[in-house]
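The structure appears below as structure tokens.
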Amino acid sequence: MASAQLFHRGRVNVLVGVVVYTSLLAGFITVARRGRDLYVRRIAGLEAVDEALGRATEMGKPILYVPGLSTISDVATLASLNILSRVARRAADYESRLIVPCTDPVVMPVAQEIVREAYTEAGRPDAYDANDISYITYSQFGYVSAVDGIMVRERPATIFLLGMFWAESLILAETGNSVGAIQISGTDAV
């Protein structure tokens, strides 16, 4: 007759892994509490954002931020708006113009509020222009055509393509390259 066991003997490797992980975690917490200076590697992508924003400021050209083609309920769009807040804060600090064309009518007021708040926190509410954050269209290639037109007319020094993109990503990237802009892009779509 079989009896109940407290621990499944076939899962000893899981127990060992949990003990090792917990020991390492407790050890690093103890070291950090004692005040030892730990090296934390800088994230290269964040440094690239600062360099690209600085370049736009030095050249006196605007920054174009494309928050993707998805709705506000998409995780990629929410992540993009989170990154927009950092970019907007830096653009406000550098007194740079930030252009945000939106494809979703719900994303637009959220982006407007994020950028307005960033300029206000930087002490430059007069530098904020609500017309720089606009709704274009929900049509995929209509939106891309409009954004390409913005790229050609405004000739931004830096272009951020962050969010959900599909077939239009190549068109956006090629147009950005043709105007000589630094481009930083990211998506969760594989």
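Residues in the sequence shown are numbered consecutively from 611, following my numbering.
Built from N, CA and C at the ideal position, the CB exists for glycine as well.
Since residue i is in the beta strand (DSSP E), which residue starts that stretch and which ends it?
i: Gln615; result: No beta strand (DSSP E) contains Gln615, which DSSP labels as neither H nor E.
i: Phe770; result: Thr768 to Leu772
i: Val676; result: Ile673 to Val676
i: Leu663; result: Not the beta strand (DSSP E): Leu663 falls in the alpha helix (DSSP H), residues Ala654 to Met669.
i: Phe711; result: Per the sequence shown, residue 711 should be read as Pro rather than Phe. From DSSP, the beta strand (DSSP E) with Pro711 extends over Leu708 to Cys712.
i: Tyr745; result: Ile743 to Tyr745
Quick one, are the C-beta atoms of residue i and residue j less than 8 angstroms apart?
i: Ala767; j: Arg665; result: yes
i: Pro672; j: Val717; result: no
i: Leu773; j: Ser690; result: Here the sequence assigns Gly to residue 773, which means Leu is not the residue at that position. Cβ distance < 8 angstroms, so Gly773 and Ser690 count as in contact.
i: Phe770; j: Ala799; result: no
i: Ser706; j: Thr667; result: yes
i: Arg734; j: Ala702; result: yes
i: Glu727; j: Val754; result: no
Assuming residue i and residue j make a contact with CB atoms under 8 angstroms, what is their CB distance in whole Å?
i: Val725; j: Tyr738; result: 6 angstroms
i: Leu674; j: Ile709; result: 5 angstroms
i: Gln750; j: Leu634; result: Going by Cβ atoms, the distance from Gln750 to Leu634 rounds to 47 angstroms, so no, they are not a contact pair.
i: Tyr704; j: Leu648; result: Incorrect: roughly 31 angstroms between the Cβ atoms, too far for contact.
i: Thr797; j: Ala686; result: 6 angstroms
i: Pro719; j: Val757; result: Rounded, the Cβ-Cβ distance is 19 angstroms, inconsistent with contact.
Going by DSSP, what residue range makes up the alpha helix (DSSP H) through residue i?
i: Gly790; result: Segment: none, Gly790 is in no alpha helix (DSSP H) and carries neither H nor E.
i: Val685; result: Val685 to Asp703
i: Ser633; result: Val622 to Arg643
i: Ser755; result: Gln750 to Glu764
i: Val725; result: Val717 to Glu731
- Task: Answer yes if the segment 753-762 comes into contact with the segment 776-785, meaning at least three C-beta pairs across the two stretches below 8 angstroms, and no otherwise.
- Result: The segment 776-785, when compared against the segment 753-762, does touch it at the 8 angstroms Cβ threshold.
- Task: Take every Cβ of the segment 651-660, pair it with every Cβ of the segment 689-709, and state whether three or more of those distances are shorter than 8 angstroms.
- Result: Under the 8 angstroms Cβ criterion, the segment 651-660 counts as touching the segment 689-709, having at least three qualifying pairs.
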